[in-house]
Structure formats: C-alpha cells, structure tokens
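Everything below concerns the one structure shown next.
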Amino acid sequence: MSRTHFYGTLVGKKVVVAVSGVILFGFLLGHMTGNIKVFLGDEANGVPKIDVYGYFLRTMGEPIFSYGQMLWIVRIVLITALLAHVVTVILLAVHNRNARPVRYAQTKRIAATPSARFMMWSGLFILAFVIFHILHLTTGSLDPKHFVQDRVYGNLYRAFHNGGFVVIYVTAMVFLALHLYHGIWSLFQTLGLDNPDRNKRLRMFAALATLALLLGFASVPLGMFLGDMPEPPNPANLPPPYGGR
Amino acid sequence: MKFRLNVWRQGSEQEKGSMQSCELDEVSSDMSFLEMLDYLNETLISKGEEPIAFDSDCREGVCGMCSLVINGQAHGPMKATTTCQTYMRLFPDGSEITIEPWRAGAFPVLRDLIVNRSSFDRIMQAGGYITVHSGPKPEPNSVPINQQVAEESLDAAVCIGCGACVAACPNGSAMLYTAAKVSHFALLPQGQAERTDRALAMVDQMQTEGFGSCRNYAECEAACPKAISINFIGQLNREYIRATAKPCNARGQMHAQ
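Those protein sequences? They're chains A and B, same order as listed. Position in the first sequence (first residue = 1) + 21 = the working numbering. Position in the second sequence (first residue = 1) + 13 = the working numbering.
Right, here's the structure in full:
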C-alpha cells in the first residue's frame with residue numbers, strides 16, 4: 022500500500038493547520054489578558070502595571086535565560102506556527118482549487134457560515150494586520166514620533182488618541198473574530214475531538230472565546246480613545262528600570 | 014406549469030460543454046424532477062433533437078444513481094431528498110431552473126448531466142471491505158453489539174454513494190463519503206481487523222483521485238440526501254490520527270512470501 026508522509030496527506034495537512042491554530046489561539050488569549058492590564062492603573066511606585074508586565078515578558082526565565090531571550094524563544098515558536106499555518110493553508114487552497122476545474126454556473130450555499138466562507142480573506146487581512154501591528158507597536162517604525170521603547174502604556178496612550186489607528190485596530194479585531202469563530206470550532210472537528218454530545222458546547226465555546234477576544238482586544242483602543250484614561254507618567258519620576266534610559 | 018430550463022449540454026468527456034436553455038410547457042406539478050426531464054426528452058426527440066443524458070435507476074431515493082445540481086443545490090432544494098424524489102410542485106410556476114452535473118475534477122462529465130463516479134468505487138476498493146472467511150457463517154448473535162453503536166454505524170451506512178457531498182462542497186472534497194464508509198466499519202466489531210489500514214488507504218485514495226480537503230463548511234451534510242452528519246468526518250479524522258500514530262496491520266501478514 023502506498024502511504025504518503027503524514028504532512029503529504031490532506032488530513033495530515035489539516036491537522037497541522039489545526040495544531041498551529043491552537044498555538045496561535047493560545048497566544049491570543051495570553052496577549053488579550055496581558056492587554057487589559059492597561060485598565061489596572063499604576064503600581065505603588067507610579068509605574069503603569071502594563072509596563073511592569075512588559076518588563077516581565079523580557080526578563081522571564083532569568084537567570085537561566087538572559088534579558089529578552091525567553092521572549093525570543095516564544096516569538097520563534099509563534100513565527101513557526103504562523104508560517105506552518107499560512108503555508109499549509111495555501112498548499113491546501115491550491116489543491117482545492119484544482120479539485121473543481123469547471124465552476125458551477127450557479128451555486129447556493131446553505132450551511133456554511135460567513136465566517137467559514139471568508140476564512141481566506143479574514144486570514145489574509147489578519148496577516149497584513151500582524152505585520153502592521155509589529156511595525157507600529159513593537160518596533161515603533163511606523164510612527165516613531167509617538168513611540169518610546171518599553172513605555173507600553175505611553176505608547177498605547179499616544180497611538181490610540183489617533184482615530185485612524187483606532188479604526189484600523191478595531192476593524193482588524195472584527196476580522197479576527199470572523200476568523201476565530203469558524204477556526205476554533207473547526208479545529209475540534211479536524212483533530213477528531215468533536216462528538217455529537219459535545220458539538221453544541223464546542224460551537225458555544227467558539228462563540229464565547231471569540232467574543233471574549235474581540236471585546237478584550239477592542240477595549241484597549243476604544244477605551245483609550247473614548248474613555249477618560251490617565252495620562253502616562255513622566256518617565257523622569259519613575260524608578261529604574263522603568264525610568265529614562 | 015411552465016419552466017425555463019438552463020441545462021448543461023456536453024457531447025462527450027473531451028468536448029467543451031455549455032449551458033443551453035429551453036422552454037417547457039404543460040409540466041404536471043406531480044411530476045418528479047426526472048419525469049420532467051423524461052418529458053422534456055420526449056419533446057426533444059419528437060422535434061428531432063438530441064435528448065439530454067442524465068443518470069437514474071431506482072427512482073425511489075435509495076440507489077444513489079441520480080445526481081443533478083438544481084439551482085445551485087445538489088439534489089435540489091429539498092433537504093435530505095434525492096433528485097428523483099424532488100417534485101415539480103416545489104418550483105414556482107414560470108420560474109427558471111438551472112440544471113448542472115456534479116462538478117469535480119474526480120467526477121469527469123461523460124455526457125450532458127452524467128458524470129463518471131468510478132473514483133468513489135476506487136476509494137471503496139482501497140479499504141471499504143472486511144475480512145470474512147468463506148465457510149459457514151457464525152450465528153449472528155454470537156457477536157453482541159451495543160444497540161447505540163449499531164445505530165450509529167447504520168447512520169453512516171445509509172450512504173448511497175451519490176456524490177452530492179462532493180458536488181456541494183466548495184472544495185470538491187469527498188470527506189463525508191470517505192468518513193461514512195470508514196466510520197461504518199470502524200464502529201462495528203467486524204470492521205476492526207482492517208481498521209487502521211482502512212483509514213490510511215481510503216484517505217490516500219481520496220487524495221489520489223483529486224478530491225479537495227475538508228474545511229468544515231458543513232455544506233455536504235446539508236446536501237446529503239441521507240442527512241449523514243459531519244460528525245463522521247470528525248470520526249474519520251480521529252481514525253486517521255490514530256492510524257498514523259499507531260499503525261498496525263491486525264489482519265496479519267497474509268501476503269505471499
């Protein structure tokens with residue numbers, strides 16, 4: 022019997038998409054919970070809690086790992102997962118396109134949710150947004166005038182007092198939610214973890230997780246823009262390592 | 014009833030087909046969709062034109078021979094119903110009806126609305142069987158099966174192999190068909206010997222035939238004339254992952270040395 026390599030098969034490829042999707046979903050959960058620290062205010066010494074969290078991300082794993090090393094390990098895992106996710110989906114999409122060489126004159130979709138139908142488009146938009154987001158708030162190269170390395174709260178405060186950025190971020194989160202609603206449910210099916218008794222609850226879980234991520238992520242730009250958030254502290258008044266460098 | 018029909022016409026597998034339209038009057042609302050096509054063919058023949066080729070056999074919804082994508086839906090608008098059990102009263106009088114063959118690279122059009130579904134047979138040949146000895150049969154009740162498990166297996170076994178799942182899938186995937194066949198055997202004690210090899214071989218063959226991959230749209234489930242659930246696709250994925258993680262040829266080494 023000819024048996025192709027696991028990744029060579031359609032089911033194997035889908036498993037890779039699902040597993041990398043789980044990794045990215047886990048990252049989103051962590052990222053979102055980290056983000057809402059914006060609303061927790063400052064530590065007793067006047068440092069915004071989100072800045073402390075940002076510093077923690079760079080110093081975690083010390084003294085086994087040096088400054089920023091553990092963060093880079095996580096980043097490499099995430100980049101690998103993202104590449105596996107995107108490349109595999111493209112390979113599958115090419116295969117699927119060839120599976121129907123002659124198109125229908127008329128098609129009527131009755132079961133597929135909009136979320137399922139526009140996975141490729143929402144995914145593409147999210148990919149573009151991820152690149153934009155890294156250039157904007159990780160490297161700061163998109164808007165260097167308003168970006169200071171490691172001053173997380175201040176950077177967010179300045180970025181989201183610009184309505185243009187708020188619109189881009191909130192729109193991206195709507196696309197993310199569209200992608201996740203199908204993706205989260207779908208991964209259970211692909212990994213064979215679904216079950217008639219569980220299916221309704223899995224759909225519910227996908228909907229709730231999507232909603233939580235959408236609200237959690239969107240709350241930061243919207244809260245900064247619409248809410249009455251305190252101004253970022255003057256770095257000169259902060260203790261090291263949070264103060265001026 | 015009067016209809017305007019847009020039908021796919023294609024002389025042979027090699028020819029390039031096209032949609033052609035015609036008017037059909039005096040259709041009875043009690044005609045089945047296939048009877049309407051019979052009637053259309055009679056009028057075509059009496060005019061000296063070539064009749065439309067389409068598949069049909071039992072015309073009672075159990076053989077899986079009829080096909081047709083009607084107004085963009087495999088087996089027409091009625092849920093859990095084959096084309097032959099679809100009646101003209103479902104369509105508004107004077108409406109336009111588009112009739113196309115199943116569209117998939119693995120289902121080449123032979124003529125007009127007839128497609129070659131041999132690819133399904135080859136998936137079945139790859140692993141859709143069980144080992145039974147050719148001697149006297151054991152007493153059936155000697156292998157007890159939980160009633161619920163037997164019912165679940167039968168839910169998969171109702172697949173008539175019509176190919177509507179492939180026709181309805183935006184990706185032209187045969188996952189529901191393959192899943193129904195794999196699950197049907199995997200759930201029963203008689204199917205255990207080839208369980209792992211079956212999942213691997215049938216998925217492999219499905220891909221070789223050029224069917225697409227599953228993106229969990231659930232369009233197949235909605236189009237299936239036997240309403241087979243996509244839960245079986247989950248079962249197939251489970252079987253496949255299990256088979257790759259722990260391949261085992263429980264049937265034994267029966268190959269000639």
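Even glycine gets a Cβ: it sits at the ideal position worked out from N, Cα and C.
Item to check | 7 Å CB neighbourhood of Glu113/B in its chain, flanking five on each side removed | outcome: The residue labelled residue 113/B in the question sits at position 100 within the second sequence. Cβ within range, chain order: Trp21 and Val82.
Checklist entry - Is the segment 171-189 of chain A touching the segment 237-249 of chain A, taking contact as three or more C-beta pairs under 8 Å? => result yes
Checklist entry - Is it buried or exposed for Ser25/B, if we count other Cβ within 10 angstroms and need 16 for buried? => result Within the second sequence, the letter at position 12 stands for residue 25/B. Per the 10 Å Cβ criterion, exposed.
Checklist entry - Is DSSP giving Tyr100/B helix, strand or coil here? => result Walking along the second sequence from the start, residue 100/B turns up at place 87. Three-state DSSP puts Tyr100/B in a strand.
Checklist entry - Ile112/B CB to nearest chain A CB: under 7 Å? => result Your numbering for residue 112/B matches position 99 in the second sequence. It does not: the Cβ of Ile112/B has no partner Cβ on chain A nearer than 7 Å.
Checklist entry - Considering only residues of the segment 125-162 of chain B, which uninterrupted alpha helix (DSSP H) runs meet the minimum length of 4 residues and lie entirely inside it, listed in chain order? => result Fully enclosed alpha helix (DSSP H) runs of no fewer than 4 residues occupy 131-140 of the segment 125-162 of chain B, in order along the chain.
Item to check | Contacting residues, own chain, Cβ-Cβ under 8 Å from Lys239/B (five flanking each side not counted) | outcome: Here residue 239/B refers to the residue found at position 226 of the second sequence. The answer, listed in chain order, is Ala93, Val171, Cys172 and Ile173.
Item to check | Among Gly213/A, Ala233/A and Asn220/A, the one whose alpha carbon lies nearest that of Gly247/B | outcome: The sequence position of residue 247/B within the second sequence is 234, counting from 1. Comparing Cα positions, the closest option is Gly213/A.
Item to check | Whole-Å CB distance - Asp217/B paired with Ala169/B, under 8 Å assumed | outcome: By 1-based counting over the second sequence, the position of residue 217/B is 204. By 1-based counting over the second sequence, the position of residue 169/B is 156. Asp217/B to Ala169/B, Cβ: 20 Å. No contact.
Next on the checklist: I want to verify the contact list: residues of chain B whose CB lies under 7 Å from the CB of Thr80/A, in sequence order.
Outcome noted: In the first sequence, residue 80/A corresponds to position 59, counting from 1. In chain order: nothing, as chain B lies at least about 39 Å away.
Checklist entry - In whole angstroms, what separates the C-alpha of Thr221/B from that of Gly118/B? => result Position 208 of the second sequence, counted from the start, is the residue given in the question as residue 221/B. Position 105 of the second sequence, counted from the start, is the residue given in the question as residue 118/B. Taking the straight line from one Cα to the other gives about 11 Å.
Checklist entry - Hey, would you say Val36/A sits closer than 7 Å to Thr109/A, going by beta carbons? => result The residue labelled residue 36/A in the question sits at position 15 within the first sequence. The residue labelled residue 109/A in the question sits at position 88 within the first sequence. It is not a contact, given that the beta carbons lie outside the stated cut-off.
Checklist entry - Within 7 Å (strictly less), CB to CB, does Ser226/B reach chain A? => result Taking the second sequence and counting its residues from 1, one reaches residue 226/B at position 213. It does; some Cβ of chain A falls within 7 Å.
Item to check | Interface partners of Arg116/B on chain A, CB under 8 Å | outcome: Along the second sequence, read from residue 1 onward, the residue named residue 116/B stands at position 103. Result: Arg121, Val123, Arg124 and Tyr125.
Item to check | Per DSSP, cross-strand counterpart(s) of Ser34/B | outcome: In the second sequence, residue 34/B corresponds to position 21, counting from 1. Paired residue(s): Asn19/B.
Item to check | Contact with chain A by Asn262/B, beta-carbon distance below 7 Å | outcome: Position 249 of the second sequence, counted from the start, is the residue given in the question as residue 262/B. Under the Cβ distance rule, Asn262/B does not count among the residues neighbouring chain A, no pair being separated by less than 7 Å.
Next on the checklist: Could you compute how far the alpha carbon of Gly141/B sits from the alpha carbon of Gln203/B?
Outcome noted: Within the second sequence, the letter at position 128 stands for residue 141/B. Within the second sequence, the letter at position 190 stands for residue 203/B. Rounded to whole angstroms, Gly141/B to Gln203/B spans 12 Å at the Cα level.
Checklist entry - Can you find a CB in chain A that lies within less than 7 Å of the CB of Thr257/B? => result The residue given as residue 257/B occupies position 244 in the second sequence. Answer yes: the Cβ-Cβ gap between Thr257/B and chain A drops below 7 Å somewhere.
Checklist entry - Which residue spans inside the segment 219-249 of chain A form an unbroken alpha helix (DSSP H) run of at least 4? => result 220-247
Checklist entry - Quick one: Cα of Gly107/B to Cα of Met14/B, how far? => result Against the second sequence, residue 107/B aligns to sequence position 94. Against the second sequence, residue 14/B aligns to sequence position 1. Distance between the alpha carbons of Gly107/B and Met14/B: 7 Å.
Next on the checklist: My output table needs one value for Phe181/A: the three-state DSSP class, helix, strand or coil.
Outcome noted: Position 160 of the first sequence holds residue 181/A. Correct three-state label for Phe181/A: coil.
Item to check | Contact with chain A by Val216/B, beta-carbon distance below 7 Å | outcome: Residue 216/B sits at position 203 when you count from the first residue of the second sequence. It does; some Cβ of chain A falls within 7 Å.
Item to check | Candidates Lys29/B, Pro183/B and Glu39/B, of which the one nearest Arg121/A by Cα | outcome: Here residue 121/A refers to the residue found at position 100 of the first sequence. It is Pro183/B.
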